[in-house]
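Contents: one structure, followed by commentary.
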Amino acid sequence: MKIAILNPSFGENFVRVARWSAKSRGRVQRHPDYLLIAAQVLIDAGHDVIFIEAAARNFTPEQSFEIVRNFKPELLLIHATTPSIYADIEQARVIKEQNRCKIAFVGQHVSAEPHNTFEISKNAIDYIFPGEYDYTLRDIANGMPPQSVPGLIWHNGKETIVNPSQPPVDVNELPFPAWHLIKPEWYPDAGKKYPFLTLFTGRGCNNACTFCRDPQLMYGYRLRTRSAKQVVDEMEYDLKLFPQIREIMFETDTFTADPTHVKEVCEEIMRRGLHQKISWSCNVRINVDLDILPLMKKANCRMLMVGYEFGTDEALRAVRKGGVTVNMGKRFSQRAHELGFTLHGCFMIGAPGETRQSARATIEYAKSMPLDTMQITGIATYPGTVLYKWAKEHGYLLGKDWADWLTAEGEQKTLLSYPQLSNKEIDELIDIGLKEFYLRPKQMWRMLISIRSWGDFLRKIYGLGAFMDYFWKKLTRKGQT
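In terms of this note's numbering, the sequence shown opens at residue -18 and continues consecutively.
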């Protein structure tokens, strides 16, 4: 079967496959790793596949339509998001009319809202592949009748039919992503060495944070790790395919959750000598086993992306952050800093019960630690999550329509508003936090002396440009109101 996979554009620099769907404040782009794993599953099954990276390349819809018309697919797969769902459906409608092909949607939004998606699509969509869609997609491509495909949600023209679920995928059976369908240079990120690739060491998560979409909607509450051999095999494959890459980002939410797995991966990296060829970075929770950090550093782990989230224990408990505490974050940060890791902190404002005082505590928490960079956002509230349901039930959710999830400029929009802390105050505190953190002489000096190569210099320039672009556009909007 001829299959086109479309990652559609939706305004300038829209990030479609990140943990939130918007133009990021750091003006980064995310690799479509899950889409490309599914693409390779199809290729391995003998299908003819193209991938259209319209989001990262800022294609117009017309550019995407032309590529699809020239390819003449029998099936088109679209990754849809909450704020872009109407535009995604409209692109699907045009493609369906022009090519008479079947249309399938994947992603967190349609996994949470399949019935609504079919309702507003008005027969533009034939299939939804909720959650882990690799094998559901392959079964449809292989010609299985819809009623026989596990995990499929489909529309027969009259009603929506939900088939029995697909069992969790054995992650060690999945192929490496079809990276040959993209170029690493399409994905800028001031925090990573450029160019870089992402790599998933597993799927799922052992934690139950109320705001996080992927465990709740896509991959479940059990971390399924790949073997150390397969993880390092993929690193070698990436380097062979793209010798120019300078870093690999382990994008798994909870790479360090299993110290035994981390130890095996680090030892395999060193056994093959890869620690002398390329650096790697990973996501970390602050309750990581501190004894594993020296081995990670020895294996050439460069940067830790750290989910601190909030600066009070009350806020951490309010989002079910799994027993982590503020003091835990301080101990972790000091130890990681002593070992020479680059630290990027991830923070949020807007937890249930948040006040201006607790939000200020988060800002001071970020400033108190030896962080190289940080990001701060309003806590994201997406359909299908525990936080979304709670906010909707209590009347704290401002969003009434899917289009409300973004500002007119495509930026992330704060949709939670409390009696004691409004959404406007949350936005104000986000900007205060960014300015107070980055505009300190101490922080500017730290970032300056961290420049050790031309690539480091270019990354810092890109980050500065993103910072200035974000605040300039905010000033421009204020001037127009």
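Beta carbons: idealized from backbone N, C-alpha and C, even for Gly.
For residue i, the three-state DSSP class (helix, strand or coil)
i           : result
residue 383 : helix
residue -15 : strand
residue 343 : helix
residue 114 : coil
residue 472 : Residue 472 cannot be examined here, being either before or after the span of the chain that is shown, -18 to 462.
residue 98  : helix
residue 297 : helix
residue 291 : coil
residue 241 : helix
residue 392 : strand
residue 162 : helix
residue 236 : helix
residue 255 : helix
residue 40  : coil
residue 220 : helix
residue 192 : coil
residue 177 : strand
residue 378 : strand
residue 334 : coil
residue 14  : helix
residue 313 : helix
residue 279 : helix
residue 199 : helix
Chain-order list of residues whose beta-carbon lies under 6 angstroms from that of residue i (same chain, five-residue window excluded)
i           : result
residue 114 : 87
residue 187 : 204 and 238
residue 55  : -18, -17 and 82
residue 273 : 240 and 243
residue 70  : 102 and 105
residue 352 : 324 and 326
residue 33  : -13, 45 and 48
residue 401 : 336
residue 163 : 34
Rounded straight-line distance, which links the Cα of residue j to that of residue i
i           : j           : result
residue 121 : residue 165 : 30 angstroms
residue 112 : residue 200 : 6 angstroms
residue 149 : residue 258 : 34 angstroms
residue 406 : residue 215 : 45 angstroms
residue 53  : residue 355 : 44 angstroms
residue 76  : residue 183 : 34 angstroms
residue 335 : residue 172 : 29 angstroms
residue 8   : residue 313 : 28 angstroms
residue 147 : residue 36  : 29 angstroms
residue 304 : residue -13 : 40 angstroms
residue 28  : residue 285 : 38 angstroms
residue 170 : residue 137 : 43 angstroms
residue 219 : residue 130 : 33 angstroms
residue 263 : residue 228 : 11 angstroms
Per DSSP, cross-strand counterpart(s) of residue i
i           : result
residue 284 : 262 and 323
residue 29  : -17
residue 59  : -13 and 86
residue 227 : Answer is none; residue 227 lacks a bridge partner.
residue 358 : 329
residue 167 : For residue 167, which the question treats as bridged, DSSP gives no partner whatsoever.
residue 205 : 184
residue 135 : 108 and 142
residue 212 : In the DSSP output, where bridge partners are listed per residue, residue 212 has none listed.
residue 463 : Missing from the structure shown is residue 463; the chain here goes from -18 to 462 and no further.
residue 34  : -12
residue 397 : 378
Candidates the options, of which the one nearest residue i by Cα
i           : options              : result
residue 41  : 390, 322 and -5      : -5
residue 178 : 46, -15 and 158      : 158
residue 270 : 102, 254 and 235     : 235
residue 196 : 30, 233 and 147      : 233
residue 0   : 279, 143 and 89      : 89
residue 410 : 363, 386 and 339     : 339
residue 152 : 415, 15 and 366      : 15
residue 275 : 296, 264 and 321     : 321
residue 66  : 100, 47, 425 and 124 : 100
residue 224 : 427, 175 and 61      : 175
Nonlocal neighbours in the same chain, by C-beta distance under 8 angstroms from residue i, ignoring five residues either side
i           : result
residue 360 : 192, 300, 329, 330, 331, 332, 368 and 397
residue 39  : -10, -7 and -6
residue 73  : 57, 59, 84, 86, 102, 105 and 106
7 angstroms CB neighbourhood of residue i in its chain, flanking five on each side removed
i           : result
residue 96  : 141
residue 417 : 344 and 348
residue 119 : 22, 23 and 26
residue 63  : 2, 90, 363, 364, 383 and 386
residue 30  : -16, -14, 20, 23 and 24
residue 287 : 265, 267, 324, 325, 326 and 327
residue 198 : 89, 92, 93, 112 and 365
CB contact below 9 angstroms: residue i versus chain B
i           : result
residue 261 : Judged by its chain identifiers, the structure shown contains no chain B, having just a single protein chain.
Heavy atom of the ligand MN within 8 angstroms of residue i beta-carbon
i          : result
residue 22 : Judged by which ligands are present, the structure shown has none, so any question about the ligand MN falls away.
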